[in-house]
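In UniProt numbering, the protein residues as written are 1 to 152.
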């Protein structure tokens, strides 16, 4: 999240606090921040403050802009090794390669990561490198076809 977005949320919390105070309801600034976070669809202020900007980001003006595939706290659904998968993004990190992101997903229910019919291995948490389309990539930029997720 950019500093500007954080300031916008803080200003929203200030306005909310003032509006409630005019109605005789006293709310601390911390509580107002938590309420603004809930309005944005996340569980608390820390999650909102850690959320990356939904707009394209770029290190330099002349570089092509990269689109962030997900946000921390977002629900996702798709496939992992051809098996249905759904979960929540609990970590997101930009890699040194353009348009590639390291995403950590907490699956619920756990997903079977095995490709064998004779063996099963369920995982609750997986970290992979994905492109802006939510499909997994090797760090060389080629597709592996292992994971394909989209916002749920």
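The beta-carbon is built from N, C-alpha and C at its ideal position, and this holds for glycine as well.
Cβ shell of residue i (< 7 Å), same chain only, five flanking positions each side left out
i           : result
residue 110 : 122, 123, 124
residue 83  : 111, 112
residue 152 : 75, 76, 77, 86
residue 44  : 34, 37
residue 94  : 101
Pair within 8 Å by beta-carbon distance, residue i and residue j
i           : j           : result
residue 100 : residue 137 : yes
residue 134 : residue 150 : yes
residue 88  : residue 71  : no
residue 29  : residue 17  : yes
Span of the alpha helix (DSSP H), counted from its first residue to its last, around residue i
i          : result
residue 46 : 45–50
residue 30 : 29–39
Buried or exposed by the 16-neighbour rule on C-beta atoms within 10 Å, applied to residue i
i           : result
residue 74  : buried
residue 25  : exposed
residue 126 : buried
Endpoints, the beta strand (DSSP E) within which residue i is located
i           : result
residue 90  : 83–94
residue 76  : 75–80
residue 103 : 100–112
residue 23  : Unbroken run through residue 23: none, as it is neither H nor E.
residue 42  : Looking at the DSSP string, residue 42 is not in any beta strand (DSSP E), and its letter there is neither H nor E.
Spatial distance of residue i from residue j (CA atoms)
i           : j           : result
residue 41  : residue 116 : 38 Å
residue 27  : residue 103 : 36 Å
residue 12  : residue 69  : 26 Å
residue 148 : residue 67  : 16 Å
residue 48  : residue 37  : 6 Å
residue 146 : residue 50  : 27 Å
residue 21  : residue 9   : 18 Å
residue 7   : residue 19  : 18 Å
residue 81  : residue 97  : 24 Å
Proximal residues to residue i (C-beta, below 6 Å), its chain only, five neighbours per side dropped
i          : result
residue 90 : 104, 106
residue 32 : 13, 16, 17
Sequence-distant residues of its chain with Cβ nearer than 8 Å to residue i (five each side left out)
i           : result
residue 205 : The structure shown has nothing for residue 205, since the chain only spans 1 to 152.
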